[in-house]
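Residues 90 to 212 in my numbering are what the sequence shown lists, from first letter to last. Glycine is no exception: its CB is placed at the ideal position from the N, C-alpha and C atoms. Notes follow once the structure below has been shown.
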Amino acid sequence: MSLYPPKKSFEEVELNTNPNLPPWLITPKEEKIIFERWRKKAFAKCDDLIKAYVECSNSYSNPVEGMKKCDSINKESLGCVAKYQKMEYLDIERDIYIKEKAEKQKLYKELLNRKQKEQELKN
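As structure tokens, this is what we get:
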């Protein structure tokens, strides 16, 4: 018995929005998804610096001392994250999401057309 739910087929997967709406129309739920993806990518690009800060701060028994001694590494990691958490990168992520959404809608409409043709052939 698996701990994970069975994988869904394409027909069973729900689209985030109405597939008849244009792909550039983004709902608040989708905006949240885009923001989370943007945030994860920013932290992933700075992962080495963040890990270096964590290792540095964990090497001290006193947390306050660790914060003081590792201040330069902390500033560097925060600067890296701030560099990637700009609106231009959010716009890039939004464009990527819209392209993915347009492709999913295209596949969904093709599936509907195929099912409709199969239904017509049966009748």
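{"Item": "Whole-angstrom distance between residue 119 and residue 173, CA atom to CA atom", "Value": "20 Å"}
{"Item": "Identity of the residue in 178, 168 and 96 nearest residue 130 by Cα", "Value": "178"}
{"Item": "Residue 148 beta carbon less than 9 Å from that of residue 155", "Value": "yes"}
{"Item": "Distance between residue 139 and residue 108 (C-alpha atoms, nearest Å)", "Value": "40 Å"}
{"Item": "Three-state secondary structure (DSSP) of residue 127", "Value": "helix"}
{"Item": "Unbroken alpha helix (DSSP H) run spanning residue 95, endpoints", "Value": "Run containing residue 95: none; DSSP gives neither H nor E here."}
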